[in-house]
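Undergrad: Numbers -7 to 241, taken from our numbering, label the letters of the sequence shown in order. Using N, Cα and C, we set each Cβ at its ideal position, and we do this for glycine too. Keep in mind that this is a model prediction, so the values were computed, not measured.
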Amino acid sequence: MISLKTARELEQMRKACIISAQALKLAGEQVKAGMSTYELDTIIREFIESKGAKASFLGYGGFSGSACISINDEVIHGIPSKKKIIQPGDLVKVDVGAFIGGYHGDNAATFAVGEVSPEAKRLMDVTEQSLYEGIKMARVGNRIGDVSHAVEEYVTSRGYAVVKQFVGHGVGRKLHESPEVPNYGAPGRGVRLAAGMTLAIEPMINIKGEGVNVLADGWTVKTASGSLSAHFEHTIAITGDGPVILTRA
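(1) Within 10 angstroms of the Cβ of Q14, are there 16 or more other Cβ atoms? Answer buried if so, exposed if not.
(2) Which term fits R181, buried or exposed, when burial requires 16 or more other beta carbons within 10 angstroms of its beta carbon?
(3) Short check: CB of F91 to CB of S48, under 7 Å?
(4) Measure from the alpha carbon of D156 to the alpha carbon of each residue in V163, V147, G164 and G162, then state which is nearest.
(5) Please go through the same chain and pick out, in chain order, the residues whose beta-carbon is closer than 8 Å to the beta-carbon of R135, but skip the five residues on each side of it.
(6) Under a Cβ-count criterion, where at least 16 other Cβ atoms within 10 Å of its own Cβ denotes burial, should L115 be classed as buried or exposed?
(7) Can you grab the Cα-Cα spacing for the pair G54 / W211, in whole Å?
(8) In whole angstroms, what separates the C-alpha of V108 from that of G177?
(9) Return the bridge partner residues of V154 from the DSSP annotation.
(10) Sort D82, M(-7), G89 and S221 by Cα distance to S12 and report the nearest one.
(11) Hey, would you say T215 sits closer than 7 Å to N99, going by beta carbons?
(12) When the distance is taken between beta carbons, is V139 closer than 7 Å to A187?
(13) What would DSSP say about P244, mapped onto helix, strand or coil?
(14) Between the C-alpha atoms of V199 and F224, what's the straight-line distance to the nearest angstrom?
(15) Taking the beta carbon of L32 as the centre, do at least 16 other beta carbons fall within 10 Å, making it buried, or is it exposed?
(16) Measure the alpha-carbon distance for A59 versus D87 and round it to whole angstroms.
(17) Could you work out which residue in M27, K46, K24 and E120 is closest to L167 when comparing CA atoms only?
(18) Look up S122 in the DSSP assignment and give the residues it is bridged to.
(19) Give the secondary structure of H223 by DSSP, where H, G and I count as helix, E and B as strand, and everything else as coil.
(20) Within 10 angstroms of its Cβ, does R6 collect 16 or more other Cβ (buried), or is it exposed?
(21) At the level of alpha carbons, what is the spacing between Q121 and I77?
(22) Return the Cβ separation of G126 and P174 in integer angstroms, given the expectation that the two are a contact with Cβ distance under 8 Å.
(23) Residues in its own chain within less than 7 Å of H141 by CB, not counting five upstream and five downstream?
(24) By Cβ distance below 6 Å, which residues in the same chain neighbour F39 in space, the five residues on each side in sequence not counted?
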């Protein structure tokens, strides 16, 4: 069942989204070569808790971190670890959510650590822009497929591959709500978009091949090809005046 939020509920949810966005911004400012992903995760958790919120991911399904931190060919759901040390030239994907006042915010970004290859930089740029191409289509009367197709068309026309095994989702009182929001699909298909819907749109894009594997830890997802992957995400609200990005720092 899809939850439509009232204006009052959206204002409450915006608080969670702003904290999520601020935590993600802080992660981008603090990430550096030589630190462990556990150290970065601790910075994120302490910030969220300092705002009176809870990290949405901590304990979710047994997840041990406060944020998913994935490096290079890790697509999503990387478990923070004291043993995983960030290196110069890495692409670090941080996915973080905050819960306060009964609502969740959810967002993600890919950060370059120092100088990265032109190929890595282009992957980041294309993935981030594909998110905004999808958001443009998140309008009352359109369908989920319009959002999905916009992401896919932008990405594949530039030679990259969309991860199909994992998708975006509704978000609100629960971290994952209906409907699912794939990053691929046909325009004019799927759930019709209505005012009050809140969606987490999150392209996960690989340089080579859509295939992914889940590691033995049950969480970490890697590209099957071993190629680099990038990930960007915003929580948005669909309104009569167009899509509104709630996860703005």
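TA: In brief:
(1) buried
(2) exposed
(3) yes
(4) In the sequence under discussion, the amino acid at residue 156 is Lys, which differs from the Asp named in the question. The candidate whose alpha carbon is nearest that of K156 is V147.
(5) P179, G180, R181, G182, V183, R184 and L185
(6) buried
(7) 10 Å
(8) 31 Å
(9) I197
(10) G89
(11) no
(12) no
(13) With the chain covering only -7 through 241, there is no way to say anything about residue 244.
(14) Here the sequence assigns Ile to residue 199, which means Val is not the residue at that position. Roughly 15 Å between the two C-alpha positions.
(15) buried
(16) 6 Å
(17) K46
(18) Its beta-bridge partners do not exist; DSSP assigns none.
(19) strand
(20) buried
(21) 29 Å
(22) Incorrect: roughly 10 Å between the Cβ atoms, too far for contact.
(23) G177, A178 and P179
(24) A15 and L18
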